[in-house]
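J.:
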Amino acid sequence: MRKFTFLLLSSVFLSMTVFAGGYQVRLQGNKQNGFGLVGTPLSVGSSAMFYNPGALGFMESKIDFEFGGSAILSTAAFQKAGSNYQAETDNPLGTPFYFYFAGKLGKLITLGLGVYTPYGNSAKWESDWAGKNLIQDISLTAIYVQPTIAFNFNEKFGVGLGFVYTIGGVELNKGLNYSGDAGVNLKGDATSFGYNVGIFFRPVENWSIGLNYRSEIIMSVEGGDATFTVPSSLQGVIPTNNKFNAELPLPANLDLGVAVQITEKFMLAVEFDWVFWSVYDTLSFTFEEAGDLLDSKNPRKYSNTFIPRLGMEYAFSEKFQIRGGAYYDTSPANDRYFTPETVTLNTFAYTLGLSWYPNEHFGLDLSFLQTFGLKSDKTYQPDNFGGTYQTSAIIPGLGLSFKF
Amino acid sequence: MKTKYILYFAIVLFLAGSCKPVVDDFTPESGSADLTSYVAVGNSLTAGYADASLYASGQEYGFANILAQQFAYAGGNGTFKIPMMPTEDGVSPHLTPNGLYFTTKLVVGYSTDCIGNVSLAPVPAVPNPDQAKLGAELTTSVAADGPFNNIGVPGVKVGHLLAPGLGMLNPYYGRFAANPATDALIGEAAKVNPTFFSLWIGNNDVLGYASSGGTEDITPFDGPAGVGFAASYTAVLQSLLASADKGVIANIPDITSAAFFTTVPYNPIVLDDQAQVDLLNAAYAPYNGAMAQFGLPYRIEWKLGPNPMVIADLDMGIPVLALNIRQIESDEMVLLTIPQDSIKCAFWGTQKPIPDEYILTAKEINNVKNATWQFNKFIKESASDYGLAFADFNSLMKKVSSTGMVADGITFTNAFITGNLFSLDGIHLTPQGNAIVANFYIDAINSTYGANIPKVNVSDYPPAVLP
Chain X
678 MRKFTFLLLS SVFLSMTVFA GGYQVRLQGN KQNGFGLVGT PLSVGSSAMF
728 YNPGALGFME SKIDFEFGGS AILSTAAFQK AGSNYQAETD NPLGTPFYFY
778 FAGKLGKLIT LGLGVYTPYG NSAKWESDWA GKNLIQDISL TAIYVQPTIA
828 FNFNEKFGVG LGFVYTIGGV ELNKGLNYSG DAGVNLKGDA TSFGYNVGIF
878 FRPVENWSIG LNYRSEIIMS VEGGDATFTV PSSLQGVIPT NNKFNAELPL
928 PANLDLGVAV QITEKFMLAV EFDWVFWSVY DTLSFTFEEA GDLLDSKNPR
978 KYSNTFIPRL GMEYAFSEKF QIRGGAYYDT SPANDRYFTP ETVTLNTFAY
1028 TLGLSWYPNE HFGLDLSFLQ TFGLKSDKTY QPDNFGGTYQ TSAIIPGLGL
1078 SFKF
Chain E
20 MKTKYILYFA IVLFLAGSCK PVVDDFTPES GSADLTSYVA VGNSLTAGYA
70 DASLYASGQE YGFANILAQQ FAYAGGNGTF KIPMMPTEDG VSPHLTPNGL
120 YFTTKLVVGY STDCIGNVSL APVPAVPNPD QAKLGAELTT SVAADGPFNN
170 IGVPGVKVGH LLAPGLGMLN PYYGRFAANP ATDALIGEAA KVNPTFFSLW
220 IGNNDVLGYA SSGGTEDITP FDGPAGVGFA ASYTAVLQSL LASADKGVIA
270 NIPDITSAAF FTTVPYNPIV LDDQAQVDLL NAAYAPYNGA MAQFGLPYRI
320 EWKLGPNPMV IADLDMGIPV LALNIRQIES DEMVLLTIPQ DSIKCAFWGT
370 QKPIPDEYIL TAKEINNVKN ATWQFNKFIK ESASDYGLAF ADFNSLMKKV
420 SSTGMVADGI TFTNAFITGN LFSLDGIHLT PQGNAIVANF YIDAINSTYG
470 ANIPKVNVSD YPPAVLP
C-alpha cells in the first residue's frame, strides 16, 4: 500500500503544471484539513456543507454540529531582481473559521446552516519597503453564510443545494510618490450572493464519488472609504476623504473526488479541483472625486488552476483516527503581473490530522498543514517591480464536533 | 496510544515552526573591473547639482555617491570623498551686469504672479539671500579635506577639464583645488589612485548653447585638445587611463527633451477679446507690409484663442534691426527661465518680442541635435576603442520623454516636477532621477565587465518636497 501511495504521489507531482492558490483558503473543516483538504467524496458530518452539500444527507446522526478554525502563520520572502535588497512579510495571524449545524428531517431531507470563510488574504510588508508604492499591507475577508438543503434519494445517491450569502471586507494601504510619507488607505465592505451544489454517489460498497460546484461571487465595494495622505498643497487636487468603487471576484470551483475504503481501517481518496481564476483579469478602482486623476485599471490576468489532492485515513478504532494528505497548488497569477499584495506561488503542502471521539456525542479534530511555496521569479510589469519570491506557512487547526 | 500521537503532533508542530522561507542571497561581483577606488569625473550632473544649485543633500543623492555605495558591495573601498558644500540651501553664482549675484536652491512654494494669482511654483529657498554669507560658502576652500573622489564640477565643458587655472574661473572647482591658479581639474583624479572611473562630460558643450538660447557657442568638434571636442575628450580619457584601467563613460542626452525646454508652451498668449485681436493686428500691419515688400514669408497675425509669441531672431538677417522679429513656430522652444510675469503683465510676446536668450529656434535646435549626435558618435567609439563600459543616456532620455519609464511603481517622464526625473531647474536630476541613472550605469558596468553590482531601490529616494 505504501508503494502504491508513493507512486500515486509522484505521478501527481510530476505531471501537474497548473494549479490554484490566489486568495482562496480551503481550510473549512478540520477533518478535511488533515486529509489533504479532500472533502468532496467524504461524508464526515455537517462540514460537507462546504465541501459537498450532496454528502450532507449521509451524515450518520440526526443532528450534527461542527465548529472550529485554523491559525495561518505565513511568511513571504522577497529578493529584488538585480539587487541585494531583501524583504519579508510580517503577516498577521490568519484565522479562517467555520460553523456548521445540520439536522435530518426524515430520510429524504436534511437541512443545515453553514458559516465559513473560504477566501481571505492578509499580507503586511514594512511600510517603507521597496514595493511600498504597490502595496504596504492588505487584509481581505469573506464570510459565507449558507443555508443548505440536501436530498438522499436512496442509500447510494444524494444531492445538495446551498444558497450562499457573502459578507466581505477589504482594507489596504499603499504609498504614493509624494513627500511626507504620502499614501492611501482604502477600506470597503460588500455583500453578494452565490450558490453551492453537489452530488454524492456510492456506486458500490466502499467507494464514494463526489462532484461539487461552488459559484463565482463578485464582491462589489460601492462607496468604500478612501483616505489620502498627501502634502497640503495637493489636497485641492486629491481630496483627503474620497469614496471608491471596486470589484473583487471570488472564483468558482469545480471539485471531483473519489474515496475508497481499501481495508476496514484504511481509506484513500483523491480529488481534483478546478478553480476558475481567469475571472480575475483586472482590479479597477473608480473614485467619486478626482476620478480623472485617481481611477486606475490594474491588470492581474489570473489563469484557471487545477489542484490534485491526496488524502489517507487510518482508523485505529471508532474513537480514534489519524490522517495524512498532500496537494500541489499552482499559482493562478501571471508571472509578469504578479503583485506583492497576493504572493501566490506554486505550492506543495502536506497535511496531518487526527480525530478523537471520547464518547458517541463529542469529537475533537486536530489538523496541521505545512505549505512550501516554490521559489520563483516574478514581476509586476506595469510598476517594473520584480524579484524572487518564496513563501511558507504552517497551519494548525482545531475543531469540535457534536452529534445526537 | 492517543497521547503518543498527540505528542507526535506537537513535535511536528514544533519542528515546522522553525521553517522560514529563504531566498538566495545576491552575490555581488566586480567581474573584470577593479572597483577598489572610484573617481567620478564630469559636470554638474556628476557633482550632484540640483534645483539650480549645489547643496549638501543634493551632493549626497548624486548618482556618483550612489554608485560608490553600491561599488562597496563589490570590492569598493567604501571611501568616496565629496567636496561637500557647507550649506543645505545651496549656492549658485550668476554673472549680472552689476557683478556676481548668488542665489540659493529652488524649492516648491507658493508664488504670487503680477496679476495676483497664487500658484505652486519653484521659488528660492531663501529670497534675497545674504550675499556675503553665500559668497563665503561658495569660496571657502575645502582643499584640505581632499583628495576627492567626486571631482564633478558644475558648468564644465570637456576642454575645461584640461585647463590649468580653471579654479580661478569656476568657483566650484576653485573651492577644492589645492592651487586654483595652476591646477587642472583632470589632475585631481590621479590623487585618489583610482582603479575605476566614470566620465559623463559633453552636456555643457551643447547645453551652454541651448540654455542661453543659442547665444553661447557650441564646442567645435575639431581642434586641438582644450579647444575641439574630440581631441579634448581623448586627452581626458588618456589621462584617466594612466591610473585607472577600467571605467564607464556616458553619452549626452538630447537635452532639448528636458523639462527646461519643454515646459513653457510656444503659444501662451490667449486672446479672448476681439477688440484686442484687432488692435494687435493693426499694430503689426506695418511689419507685415514691410515683410511683403522684402519678399519674406514672415507675417504676424492674431486670432482669438492661443497665439504664438513674438520673438526676436537675429538669424533672420534683416538689415533693419527692429524688424528681426517673428512669431515662434510650434516646433521651437521656450526656456523655463523666461520671466512669466513679463508675458502676463509686461506685454512680452505681444507688444515686445521675447529676447533671443529665452528661445531656442528651429535652427538652434538643429545645431544642438547635430552636435549631440556627433559628440555621441565619438563617445561611443571611444568606449569601444578603450574597452570601457558605455551608458547610453541618450536612448534612456528618448524613452523617458516618449513613453515614460517606471521603476518601483514610480513613473518617470520629462514633465516638469510631476515627471519625477528633473529637479526644479528642469535639467538636473531629482534624487529618484539620480537613482535611475545610477542603476543605468550599473547595468552598463555589469554587462561590459561581467560584474554583478547590486542596484538600488528607486523608491528609497525621496520625491520632490511639496508644501
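In order, the protein sequences belong to chains X and E. If you want this note's numbering, it's the 1-based position in the first sequence plus 677. If you want this note's numbering, it's the 1-based position in the second sequence plus 19. Built from N, CA and C at the ideal position, the CB exists for glycine as well.
1) Alpha carbon to alpha carbon, how far is residue 203 of chain E from residue 183 of chain E?
2) Provide the residue(s) that pair with residue 424 of chain E in DSSP beta bridges, ordered along the chain.
3) Hey, would you say residue 112 of chain E sits closer than 9 Å to residue 127 of chain E, going by beta carbons?
4) Measuring CB atoms only, is the segment 787-800 of chain X touching the segment 68-80 of chain E, in the sense that at least three cross pairs come out at less than 8 Å?
5) Quick one: which residues of the segment 415-445 of chain E get their C-beta closer than 9 Å to a C-beta of chain X? List them in chain order.
6) Indicate the three-state DSSP secondary structure (helix, strand or coil) for residue 866 of chain X in the structure shown.
7) How long is the line joining the alpha carbons of residue 1031 of chain X and residue 713 of chain X, rounded to whole angstroms?
8) Below 9 Å between beta carbons: does that hold for residue 756 of chain X and residue 45 of chain E?
9) Would residue 411 of chain E pass as a contact of residue 381 of chain E if the rule is Cβ separation under 9 Å?
10) Sorted by chain position, which residues of the same chain lie with C-beta nearer than 6 Å to residue 767 of chain X's C-beta, five sequence neighbours on each side aside?
11) If you compare alpha carbons, which of X:822, X:841, X:699 and X:858 is closest to residue 481 of chain E?
12) Looking at chain E, is there any beta carbon in it that lies within less than 9 Å of the beta carbon of residue 1080 of chain X?
13) Going along chain E in order, which residues have a C-beta closer than 8 Å to the C-beta of residue 807 of chain X?
14) If you follow the beta strand (DSSP E) that residue 795 of chain X is in, where does it begin and where does it stop?
15) Along the chain, which unbroken stretches of the alpha helix (DSSP H) at least 4 residues long are found entirely within the segment 705-755 of chain X?
16) Just checking my contact of residue 228 of chain E with residue 236 of chain E at CB under 8 Å: how many whole Å lie between their CB atoms?
17) Rounding to the nearest angstrom, what Cα-Cα distance links residue 383 of chain E and residue 274 of chain E in this structure?
18) On the CB-based measure, 16 or more other CB atoms within 10 Å of its CB, does residue 806 of chain X come out buried or exposed?
19) Work out the CA separation of residue 471 of chain E and residue 177 of chain E for me, nearest whole Å.
20) Along chain X, in chain order, which residues have C-beta atoms closer than 7 Å to that of residue 483 of chain E?
21) Assess, as a yes-or-no matter, whether the segment 741-753 of chain X is touched by the segment 907-921 of chain X under the definition of 3 or more beta carbon pairs within less than 8 Å.
22) Rounded to the nearest angstrom, what separates residue 974 of chain X and residue 395 of chain E at their Cα positions?
23) Is the beta carbon of residue 378 of chain E less than 9 Å from the beta carbon of residue 354 of chain E?
24) When you compare the segment 1037-1050 of chain X with the segment 1018-1026 of chain X, are there three or more beta-carbon pairs, one atom per stretch, that lie closer than 8 Å?
25) In chain E, which residues lie with their C-beta within 7 Å of the C-beta of residue 908 of chain X?
26) Would you mind reading off the limits of the alpha helix (DSSP H) that contains residue 190 of chain E?
27) Please check if any C-beta of chain X sits within less than 9 Å of the C-beta of residue 354 of chain E.
28) Run through chain X and tell me which residues come within less than 7 Å of residue 41 of chain E, C-beta to C-beta.
29) Could you list the residues in the segment 115-139 of chain E with a C-beta less than 7 Å from some C-beta on chain C, going in chain order?
30) Report yes or no: is there a C-beta of chain E within less than 9 Å of the C-beta of residue 679 of chain X?
31) Contact criterion: CB-CB distance below 9 Å. Does residue 458 of chain E meet it with respect to chain X?
32) Quick check on residue 684 of chain X: buried or exposed, where buried means 16 or more other Cβ atoms within 10 Å of its Cβ?
33) With H, G and I counted as helix, E and B as strand and the rest as coil, what does DSSP make of residue 948 of chain X?
34) So residue 763 of chain X contacts chain E; which residues on that side make the cut at Cβ distance below 9 Å?
35) What is the residue span of the alpha helix (DSSP H) that residue 391 of chain E lies within?
36) Have a look at residue 735 of chain X and residue 717 of chain X and give me their C-alpha separation to the nearest angstrom.
T.: So, from the data block:
1) So the two alpha carbons sit approximately 4 Å from each other.
2) Partner(s): E:431.
3) No, they are not a contact pair.
4) In short, these stretches do not touch, since the Cβ pair count stays below three.
5) Residues passing the 9 Å Cβ filter: 424, 425, 426, 427, 428, 429, 430 and 439.
6) Looking at residue 866 of chain X - three-state DSSP - the assignment turns out to be strand.
7) Taken atom to atom, the span from the alpha-carbon of residue 1031 of chain X to that of residue 713 of chain X is near 12 Å.
8) At the C-beta level, residue 756 of chain X and residue 45 of chain E come within 9 Å of one another.
9) 9 Å or more divides the Cβ of residue 411 of chain E from the Cβ of residue 381 of chain E.
10) Sequence-distant Cβ neighbours of residue 767 of chain X in its own chain, meaning closer than 6 Å and more than five residues away, are 801.
11) Selected option, being the one with the closest Cα: X:858.
12) Chain E, which has no Cβ nearer than 9 Å to the Cβ of residue 1080 of chain X, makes this no.
13) Neighbours of residue 807 of chain X on chain E, chain order: 427, 476, 478 and 479.
14) For residue 795 of chain X, the enclosing beta strand (DSSP E) starts and ends at 786-801.
15) For the segment 705-755 of chain X, the continuous alpha helix (DSSP H) assignments of 4+ residues that do not extend past its boundaries occur at 707-711 and 725-728, in sequence order.
16) Between residue 228 of chain E and residue 236 of chain E the beta-carbon gap is near 6 Å, inside 8 Å, which marks them as a contact.
17) So the alpha carbons of these two residues sit roughly 12 Å apart.
18) When all chains shown are included, residue 806 of chain X counts as buried.
19) Using only the alpha carbons, I get a separation of about 30 Å.
20) Neighbours of residue 483 of chain E on chain X, chain order: 856.
21) Two segments are said to touch when three or more pairs of C-beta atoms, one from each, lie closer than 8 Å; by this definition the segment 907-921 of chain X does not touch the segment 741-753 of chain X.
22) Residue 395 of chain E has its alpha-carbon roughly 40 Å from the corresponding atom of residue 974 of chain X.
23) Closer than 9 Å, so yes.
24) In short, these stretches touch, since the Cβ pair count reaches three.
25) Here the neighbours are 485 and 486.
26) In the DSSP annotation of this structure, the continuous segment of the alpha helix (DSSP H) that includes residue 190 of chain E starts and ends at 190-193.
27) Chain X has no Cβ within less than 9 Å of the Cβ of residue 354 of chain E.
28) In chain order: 754 and 1067.
29) Of the protein chains in the structure, X and E, none is chain C.
30) Note on residue 679 of chain X: pLDDT 38, under 50, position unreliable in the model; the coordinate value appears next. The beta carbon of residue 679 of chain X does not come within 9 Å of any beta carbon belonging to chain E, so the residue lies off that interface.
31) For residue 458 of chain E, the answer is yes, since a Cβ of chain X falls inside 9 Å of its Cβ.
32) Unreliable placement is indicated for residue 684 of chain X, whose pLDDT of 33 sits below 50; the coordinate value is still reported in the next sentence. By the C-beta density criterion, residue 684 of chain X is exposed, having fewer than 16 other C-beta atoms within 10 angstroms.
33) Strand.
34) Result: 42, 44 and 45.
35) According to the DSSP assignment, residue 391 of chain E belongs to the alpha helix (DSSP H) that extends over 381-405.
36) Using only the alpha carbons, I get a separation of about 13 Å.
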